[in-house]
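Q: Pasting in a structure now, in structure tokens, and then I'll have a few things to ask.
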Amino acid sequence: MKLVEEFEFGLDAPICITWELTYACNLACVHCLSSSGRRDPRELTTAEAKGVIEELERMQVFYVNIGGGEPTVRKDFWELLDHAAEHNVGVKFSTNGSRIDAAAAARLAASDYVDVQVSIDGATAAVNDAVRGPGSFDTALGALERLHTAGFEKPKISVVVTRQNAGQLDDFKALADTYGAQLRITRLRPSGRGADVWDELHPTSDQQRSLYMWLLEHGDDVLTGDSFFHLSAYGEALPGLNLCGAGRVVCLIDPVGDVYACPFAIHDEFLAGNVREPRGFEGVWRNSDLFTELRRPQSGGACESCGHYDACRGGCMAAKFFTGLPLDGPDPECALGHGEGLLAARGEDLAIPAPAVDHSRVKPSRLREGGPARPPAKVCDENPLADFLARS
Amino acid sequence: MSAEIALDGPWRLHPQVALRPERFGALAYHFGTRRLSFLKSRRLLDVVQGLEAAPDPTAACRAAGVADAELPSYRAALRTLAETDMIVPACGASLADSESNPPQVVAA
């Protein structure tokens, strides 16, 4: 049996998990997949979070991708990092960089168990700040500079590919090289607030093909989290596992302990359970009805007769769900264009599923005024970094 | 590089590597290089786990029940693991540098 087929039947424990530590965030990115902003009062306590780490160690989940929200705003963030290291759980955390001061950079450089990924969504301030907010580009680059100075080896620069930045891939690569960093590019999902801006931000089909060619050329030293496997239908498979791992080899733990099939599917439909249940995370992973169902052979539906089905496996479940397309049909960004027709044929009255939870402070429904090509037009825009700037 | 690695003498799992048996074989994770490897059979897992007790990798293969005809493919799999520092000579320096890597699949 091919490895991919083995994985489709699920593993005893996830290969890795994504753990959003908090919904609190000092930015308000227009495409935030977890609709973050305000802290949820039901957030896992320090003791509960440590319990999850210990359970991951018992299950031999070797590493977790920690995100949020902005995970570093949790008061116990460093304590939890230390706890993970003491319990043989490797951590890669995503940050907007606002809390990575010189001391934090030095601390990170001294640890073997922690990897850092700084998010930017444009290779220039104009393109980035239109999505992530005024000043966020300089903040991220400042963090990378401090990590570099502290001797932190090979941090990641994490980029969500959009229509506005798809032409900047070489620039992102050059930027990563400047800071001794490794580039990681991932797919824009119509999840969370991403659903509101997806039509405006998702790459065109021409851009997708260019991206595919670029990945074939650079795939060996650019990380993708396997998020572009739907593009394998263009021809040669991209490096990586090329399957939807949701509930089979990966899952998400959200800040209140809810376990979802994947980080891009925060919706009741994909909720398997909660780590606070008596059966714990392990019980949810092994026995929840949802995950059991996801590990059964899935129907390719309309895609099954397509000659490329083996390459793309029908694409991303979350991308289909949050654009209102059937789960057993083509991905909205199907390389062969089968998604575009379905998107166009959606009825006016179609109710697109809304995310289960929304912690947005403000809800920007489109790119910030001025568009990506120009700096923000309104100087009176609330600066999401105000708290940070006032302190430093 | 693979041609240069002599799989002679005693070898062992890198001290920073953890193994997790699965139905198909095992996951091997290196906490230093952060590389994940998939060992594609239970027998390969047996070989890797038996390295330290064996005088050399070939003996570890035989102890795990690898037939002579299969030896070359098992040695090739071990060489892949050696190149990525998942296994190391029981005394001596490791071969790979430390960086973050995408997962690799290792079949025998």
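Top to bottom, those sequences are chains A and B.
Per my numbering, residue 785 is the first one in the first sequence, and the count goes up by one each step.
Per my numbering, residue 677 is the first one in the second sequence, and the count goes up by one each step.
Each residue gets a CB set at the ideal place from its N, CA and C atoms; glycine is no exception.
Between the Cα of Ser818 (chain A) and those of A:Leu972, A:Ala1086, A:Asp860, spot the shortest distance and give me the residue it belongs to.
A: A:Leu972
Q: Leaving out the 5 sequence neighbours to the left and right, which residues in its chain are closer than 7 Å to Leu712 (chain B) when beta-carbon positions are compared?
A: Leu703, Tyr705, Pro779
Q: Flag this pair as touching only if the region 866–886 of chain A and the region 896–907 of chain A have three or more C-beta atom pairs under 8 Å; answer yes or no.
A: yes
Q: May I ask you to report which of helix, strand or coil DSSP gives Gly912 (chain A)?
A: Correcting the residue type first, residue 912 (chain A) is Asn in the shown sequence and not Gly. Here Asn912 (chain A) sits in helix by DSSP.
Q: So Thr806 (chain A) and Val848 (chain A) are supposed to be a Cβ contact under 8 Å. How far apart are they, rounded?
A: That belief does not hold up - the Cβ atoms of Thr806 (chain A) and Val848 (chain A) are roughly 14 Å apart, past 8 Å.
Q: Closer than 8 Å, Cβ to any Cβ of chain A: which residues of the region 697–721 of chain B, in chain order?
A: Glu698, Arg699, Phe700, Leu703, Tyr705, Phe707, Gly708, Arg710, Leu712, Phe714, Lys716
Q: Please check if any C-beta of chain B sits within less than 9 Å of the C-beta of Ala796 (chain A).
A: For the sequence presented, residue 796 (chain A) should be read as Asp rather than Ala. Closer than 9 Å to some Cβ of chain B, the Cβ of Asp796 (chain A) qualifies, so yes.
Q: Which class does Arg973 (chain A) belong to by DSSP, given the choice of helix, strand or coil?
A: coil
Q: Could you have a look at Lys716 (chain B) and say whether DSSP puts it in helix, strand or coil?
A: The DSSP-derived three-state label of Lys716 (chain B) is coil.
Q: Which class does Ser1016 (chain A) belong to by DSSP, given the choice of helix, strand or coil?
A: Looking at Ser1016 (chain A) - three-state DSSP - the assignment turns out to be helix.
Q: For Ala694 (chain B), return the contacting residues in chain A, with the cut-off set at a CB-CB distance below 9 Å.
A: Gln844, Phe846, Asn872
Q: Within the continuous beta strand (DSSP E) that includes Asn1058 (chain A), where are the two ends?
A: Element bounds for Asn1058 (chain A): 1055–1058.
Q: Would you say Glu775 (chain B) faces chain A, with C-beta separation under 9 Å as the test?
A: Reliability fails at Glu775 (chain B), whose pLDDT of 42 lies under 50, so the model's placement of it is uncertain and no value is given.
Q: List the endpoints of the continuous beta strand (DSSP E) containing Cys800 (chain A).
A: 800–804
Q: Give a yes or no on whether the C-beta atoms belonging to Gly1085 (chain A) and Gly1113 (chain A) are separated by under 9 Å.
A: yes
Q: Relative to the C-alpha of Ala950 (chain A), which candidate in A:Arg977, A:Ala979, A:Gln992 has its C-alpha closest?
A: Nearest C-alpha to Ala950 (chain A): A:Gln992.
Q: Given this structure, state the Cα-to-Cα distance separating His1143 (chain A) from Ser820 (chain A), to the nearest angstrom.
A: 5 Å
Q: Less than 9 Å separating the beta-carbons of Ile850 (chain A) and Cys1035 (chain A)?
A: Cβ distance not < 9 Å, so Ile850 (chain A) and Cys1035 (chain A) don't count as in contact.
Q: Would you say Lys834 (chain A) reaches chain B, if we count a Cβ-Cβ gap shorter than 9 Å as a contact?
A: no
Q: How many angstroms separate the CA atom of Tyr750 (chain B) from the CA atom of Ala1030 (chain A)?
A: 32 Å
Q: Nearest chain A C-beta to Val781 (chain B) closer than 9 Å, yes or no?
A: For Val781 (chain B), at least one C-beta of chain A is nearer than 9 Å to its own C-beta.
Q: In this structure, how does DSSP classify Val788 (chain A) when only helix, strand and coil are distinguished?
A: helix
Q: Looking at the unbroken beta strand (DSSP E) that takes in Gly701 (chain B), where does it start and where does it end?
A: 701–706
Q: Could you check whether the Cβ of Ile941 (chain A) sits closer than 9 Å to any Cβ belonging to chain B?
A: no
Q: Does the region 1129–1143 of chain A come within contact of the region 1034–1054 of chain A, defined as at least 3 CB pairs closer than 8 Å?
A: Contact between the region 1129–1143 of chain A and the region 1034–1054 of chain A is present, because at least three Cβ pairs lie under 8 Å.
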